[in-house]
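Chains as they are written, first to last, in the working numbering: chain A, 19 to 564; chain B, 3 to 148. Just so you know, even glycine gets a beta-carbon here, dropped at the ideal spot from N, CA and C. Computed from a predicted model, the values in this text were never measured in an experiment. Structure first, commentary second.
Structure, rendered in structure tokens:
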């Protein structure tokens, strides 16, 4: 994986000094809060309901053991002993003191980490496929391209005061595991008929209050022009994105209002101009980065079979592991969704344990997934049982990947100053209610947001739940039929909302109907797509006989 | 009128008042113009020959359109003074320099030591712009970049 050289290190070190100075000026009063706000946000520091929240960047979700261990130590030293992994493959801490934030950044910098641009109206942390480099269906490892974007976008002087935040994702597989088309820019690395690599650009997707699926504006940008093309996309947005209304300021609104064709025309014109300025890093830089993402030293000739005589282990293997590109290995996902738990939370001890397990079993490497789980990308099949036993013992053995208990949820009104309703208690109740049935129900992606900003990706859930405020009372709306994958679709609202217990009942009515209606091999989403909303609506809103 | 607090040029400052982009058409012989956030900097490209001062107004520091305006002018070969005016703050100076601004007239004067520290903090840059600084990728690979 990518290791900082002296230049990268010097950038994060300078940023620590920069932020320390900004905090000093804030505390001595020479910076007003309104002036400090965008600066602290560009260092991932939010002022939430109870305390500051710090969001730490995990570029494209990839971590070393040493980095993961530091995340655990920070949870102990500066927070209340836990961290929360997020849908942008980052981690955030909920109980931070402003005057300690520069020290946290210094600790992070000591392992090549930072909180740069994890918030603010700038280009955010670039996300990617959590199975990158480990799975056979990718045409190349997408992370070197994401790293190229990380460098280009870091401290970009023209694009740090954009109309609104800007999120990018890079994948290199037709199986989209990164919700690529729900980003401001989604890039899929592709190969053309001549075998050359290029970048397909999808621009103007997003969730939030106006969910949109990004259209493809250019199906093949030569790979040695990808950064320049990104620059063109951003410049048109920076100049013409709406700034009169923050709810209409995302690029999706610009693309929608101009129309895809006109936006594309403007981008292509800007691109033609920018190509003359030699802004693109040379291919040698891409090669330098690629070399750092080379495969680890996989052993060959390993046994490719597993002893599945322990039924609990067999279930975990079935649900939480994927086929690895290398015979004898598995891709393992550690679920951070134990029954009744807070989705994405891990204790400091669990974080350090996962770091140790990565060192012992997975070539020192971990990934954070956008579904708020942790991946050990390269585990020998022969060692999987030993690994699983250690996970089980630490409360990390939930065998529920992509099941109804594998819930994505935002922090909600328990922490977030934007939220209208709590997300965590709803997630916990659903997790408990369905624990006994989740294997029978099979794949079902359930996602909960505590407000229309949609941090919990409710639009993209097979079942989505949106918390709203109705006359001072928390109210939950149900959505069905969303998907973040290659078959990307947006969920539809079923009808009137209900209270916290009512929404759990409504989910059960929907899954009961599914179980009674499904044909062989059909997932919940497939059944919904086949039969449509009407029967689900009838089931959810039917009156019980008195 | 706001005072110029920082100036990174040695030529004589232009005395003419800056006029709006709208009135800067061919009918005038003005040499100074002021760009507002909604103006298209490219409207000025036919007149670069007689332009000696461009002021770019930042009514609020969070409106970043002026960064693109500045860079567009420099990319087109403009070599006259490019002045950021208005809500210009310490922590925006370094990015503004990178986008081609070479003078600053903040609405509220900045603490000189803070401003100088902020502008000098980063020894290197990842992204090439119009300021002639070689990006990190050029240094890594020993490439000269004008």
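Status (buried if at least 16 other CB within 10 Å, exposed otherwise) for residue i
i: residue 310 (chain A); result: exposed
i: residue 17 (chain B); result: exposed
i: residue 351 (chain A); result: buried
i: residue 421 (chain A); result: buried
i: residue 63 (chain B); result: buried
i: residue 148 (chain B); result: No answer about residue 148 (chain B) holds up, because its pLDDT of 48 lies below 50 and its placement is not dependable.
i: residue 167 (chain A); result: buried
i: residue 511 (chain A); result: exposed
i: residue 301 (chain A); result: exposed
i: residue 14 (chain A); result: Past the edges of chain A, shown from 19 to 564, lies residue 14 (chain A), and the structure says nothing about it.
i: residue 176 (chain A); result: buried
i: residue 315 (chain A); result: exposed
i: residue 194 (chain A); result: buried
i: residue 20 (chain A); result: buried
i: residue 385 (chain A); result: buried
i: residue 104 (chain A); result: buried
i: residue 112 (chain A); result: buried
i: residue 157 (chain A); result: exposed
i: residue 111 (chain B); result: exposed
i: residue 171 (chain A); result: buried
Interface partners of residue i on chain B, CB under 9 Å
i: residue 143 (chain A); result: Neighbours of residue 143 (chain A) on chain B: none; closest Cβ ~15 Å, over 9 Å.
i: residue 169 (chain A); result: 128, 129, 137, 138 and 139
i: residue 300 (chain A); result: 139, 140, 143 and 145
i: residue 56 (chain A); result: 63, 64 and 93
i: residue 32 (chain A); result: 123, 124, 125 and 126
Which residues DSSP lists as bridging residue i, in chain order
i: residue 236 (chain A); result: A:219
i: residue 230 (chain A); result: A:224
i: residue 465 (chain A); result: A:426 and A:482
i: residue 487 (chain A); result: A:492
i: residue 103 (chain A); result: A:109
i: residue 516 (chain A); result: A:494
i: residue 535 (chain A); result: DSSP, once it has assigned bridges, lists no residue as partnering residue 535 (chain A).
i: residue 132 (chain A); result: A:75
Chain-ordered chain B contacts of residue i [CB-CB under 7 Å]
i: residue 488 (chain A); result: Near residue 488 (chain A) there are no residues of chain B at all, since even the closest Cβ is about 33 Å away, more than 7 Å.
i: residue 36 (chain A); result: 123
i: residue 28 (chain A); result: 125 and 126
i: residue 297 (chain A); result: 130
Per-residue contacts from residue i into chain E (C-beta, under 9 Å)
i: residue 121 (chain A); result: In the displayed structure, chain E is absent; the protein chains listed are A and B.
Beta carbon of residue i nearer than 7 Å to that of residue j
i: residue 62 (chain A); j: residue 136 (chain A); result: yes
i: residue 117 (chain B); j: residue 92 (chain B); result: yes
i: residue 83 (chain B); j: residue 132 (chain B); result: no
i: residue 477 (chain A); j: residue 509 (chain A); result: yes
i: residue 365 (chain A); j: residue 138 (chain A); result: no
i: residue 147 (chain A); j: residue 189 (chain A); result: yes
i: residue 128 (chain B); j: residue 138 (chain B); result: yes
i: residue 79 (chain A); j: residue 53 (chain A); result: no
i: residue 427 (chain A); j: residue 490 (chain A); result: no
i: residue 217 (chain A); j: residue 234 (chain A); result: no
i: residue 409 (chain A); j: residue 379 (chain A); result: no
i: residue 256 (chain A); j: residue 70 (chain B); result: yes
i: residue 54 (chain B); j: residue 33 (chain B); result: yes
i: residue 504 (chain A); j: residue 468 (chain A); result: no
i: residue 140 (chain A); j: residue 191 (chain A); result: no
i: residue 481 (chain A); j: residue 527 (chain A); result: no
i: residue 442 (chain A); j: residue 360 (chain A); result: yes
i: residue 402 (chain A); j: residue 348 (chain A); result: yes
i: residue 162 (chain A); j: residue 343 (chain A); result: no
Under 8 Å from the C-beta of residue i: neighbouring residues of chain A
i: residue 131 (chain B); result: 175 and 176
Listed by chain order, chain A residues near residue i by CB distance under 7 Å
i: residue 100 (chain B); result: 175
Chain-ordered chain B contacts of residue i [CB-CB under 8 Å]
i: residue 195 (chain A); result: Those within 8 Å of residue 195 (chain A) in chain B number zero; the least Cβ separation is about 27 Å.
i: residue 40 (chain A); result: 93
i: residue 256 (chain A); result: 66, 67, 69 and 70
i: residue 25 (chain A); result: 126, 138, 141 and 142
Neighbouring residues, chain A, relative to residue i (Cβ below 9 Å)
i: residue 73 (chain B); result: 175, 176 and 253
(message) So, does the region 339 to 358 of chain A touch the region 404 to 419 of chain A, judging by three or more C-beta pairs under 8 Å?
(response) When Cβ pairs closer than 8 Å are counted between the two stretches, the region 339 to 358 of chain A is seen to touch the region 404 to 419 of chain A, the count reaching three or more.
(request) Report yes or no: do the region 257 to 271 of chain A and the region 166 to 183 of chain A share at least 3 C-beta pairs separated by less than 8 Å? (result) Counting C-beta pairs with one atom in each stretch, the region 257 to 271 of chain A and the region 166 to 183 of chain A have three or more that are closer than 8 Å, which means they touch.
(request) Would you check if the region 77 to 90 of chain A and the region 40 to 52 of chain A touch, i.e. whether three or more CB-CB distances between them fall below 8 Å? (result) The answer is no - the region 77 to 90 of chain A does not touch the region 40 to 52 of chain A, with fewer than three Cβ pairs under 8 Å.
(message) Is it the case that the region 187 to 207 of chain A contacts the region 443 to 450 of chain A, given that we only count it when at least three CB pairs across the two stretches are under 8 Å?
(response) Taking one beta carbon from each stretch, the region 443 to 450 of chain A and the region 187 to 207 of chain A have fewer than 3 pairs nearer than 8 Å; the two do not touch.
(message) Whether or not the region 392 to 408 of chain A and the region 125 to 136 of chain A are in contact is what I'm after, with contact meaning three or more pairs of Cβ atoms, one per stretch, closer than 8 Å; do they touch?
(response) These segments do not touch.
(request) Mind the definition here: the region 278 to 288 of chain A touches the region 225 to 239 of chain A only if three or more C-beta pairs lie below 8 Å; say whether that holds. (result) With a cut-off of 8 Å, the region 225 to 239 of chain A and the region 278 to 288 of chain A count as touching, because enough Cβ pairs lie within range.
(request) Specify whether the region 68 to 76 of chain A and the region 315 to 325 of chain A touch according to this definition: at least 3 beta carbon pairs, one from each stretch, less than 8 Å apart. (result) By the C-beta criterion, the region 68 to 76 of chain A is judged not to be in contact with the region 315 to 325 of chain A, since fewer than 3 inter-stretch pairs fall below 8 Å.
(message) Using a Cβ distance threshold of 8 Å, determine whether the region 458 to 466 of chain A contacts the region 529 to 540 of chain A, with at least three qualifying pairs required.
(response) Result yes; three or more Cβ-Cβ pairs closer than 8 Å.
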